[in-house]
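This report refers to the structure that appears directly beneath it.
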Amino acid sequence: MDDSQPTLDRAPDDSGYAMGDDAPFQAPVSAEAVRESAREASATAAFAVAQAGRGGRFRHILPSRSGKLITGLVIVGLITLFGIFGPMIAQPPRDSDNEALLPPSAEHWLGTTKLGYDVFSQLAWGTRGSLFIGLVAGVVALVLAIVFGVFAGYFGGVADEVLTLFTNIVLVIPGLPVVMVIAAYVQTAEGLGPLARSSLLVALVLGITGWAGSAVVLRAQARSLRTREYVAAARVAGERPARIIFVEILPNLVPLLAAQFIFGVIFAVLGEAGLSYLGLGPTGSITLGTMLNDAQTGQAVGTGAWWWFVPPGLIIAALGAGLSLINFAIDEVVNPKLRLAPENAKRQRQAAKAGKGVADTGAFA
């Protein structure tokens, strides 16, 4: 016969004292201490929310401060300031009263050309012209990429198939020959008036022919975002498709849009330089490309006038490098693996010195 007695479960005690088999040996828990802990937790949560909101709602989509970003911003900023304020302190770029092919001096900081033009003045006006072409072409290419990429990825169906088919056709056509043919035809067409052979026309041609690659990337991201819960909730709530695209989808594509815009600007600046070097650039404006074309036709290399072609080449190279550094910093936001790659590489080097193995994720094996 079992003499064991049934054990009754204890009801939970809210008296503030610890319960259990060793309860007599534990100190009582004060109700005031519990309330104090709750107040501290609440204050900590409120401080965290305030710190998160202090940076603005778009901090998570902005590139983190890094050496690449700061260097790129400084380079592009200096070139932009030179293009804006340089023409204000330079002499007229078409002033031919100067002596021809003068080397750099105190009077002419970058010397003169074969026709007596001041190279510093032409460089300032040429930088402004190239920046204008890059900005206009970048905006045009970005707008077309949004139309053919984001709209196609969101709507799907027949609209997606038609827009994607047109995008693929433009994508497989060689870019430079198309730009050359369009520029040569448009610039000689009648009825354009002042628009023919102008910087605006060249920018439009470059923008219209340089959007296909960006559209493919944006379409893939839009197809991914349209399946998210907040997009589905907005659709169920009866929001119009245009509002869903511009309010729900595009704000989440800001880093990618910025990267594609910068890529469009780089493509336009380099494309204009190539067109102008071939004699298809704007004739009524001065750009860095037209300076290179003038130096080539003026036999600057043969005469040893390095100050004629080296400065515009350096400006083009520096502008491309600065924009690329900014683009790399934005890519770290779009792809977090790129942001962690330097730290992982550093850990691998340290582990190799210590004789340990490191996994691909950066953790010690």
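Take any residue in the sequence shown, note its place counting from 1, add 37, and you have its number in this note's numbering. C-beta: ideal position from N, C-alpha, C; glycine also.
Check, Outcome
"Neighbourhood of A189 by C-beta, 6 angstroms cutoff - its chain only, sequence neighbours within 5 removed", "D197, L200, T201 and R256"
"Whole-Å CB distance - L317 paired with M217, under 8 angstroms assumed", "6 angstroms"
"Residue of K390, V111, G357 and W146 minimising C-alpha distance to I126", "W146"
"Beta-bridge partners of D368, as assigned by DSSP", "None, per the DSSP bridge assignment."
"Beta-carbon spacing of P130, S103 below 9 angstroms", "no"
"Exposure label - G242; buried when at least 16 CB within 10 Å", "Rather than Gly, the amino acid found at residue 242 in this sequence is Val. So V242 ends up on the buried side."
"Best match in S261, A259, F298 and T225 for proximity to D368 [C-alpha to C-alpha]", "F298"
"Beta-carbon proximity list for S235, same chain, < 7 angstroms, skipping 5 on both sides", "P319, G321 and S322"
"Length of the line joining the Cα atoms of G92 and A174", "Confidence is the limiting factor: at G92 the pLDDT is only 44, short of 50, which leaves the residue's position unreliable, though a coordinate-based value still follows. Those two C-alpha atoms are separated by around 32 angstroms."
"One or two residues paired with T149 in a DSSP bridge", "D155"
"Length of the line joining the Cα atoms of K390 and N381", "14 angstroms"
"F185 classed as buried or exposed, judged by whether at least 16 other C-beta atoms fall within 10 angstroms", "buried"
"Inter-stretch contact (C-beta, 8 angstroms, three-pair minimum) for the segment 287-305 and the segment 217-231", "no"
"Beta carbon of S261 nearer than 9 angstroms to that of A182", "no"
"With 16 other Cβ atoms within 10 Å as the buried cut-off, status of F346", "buried"
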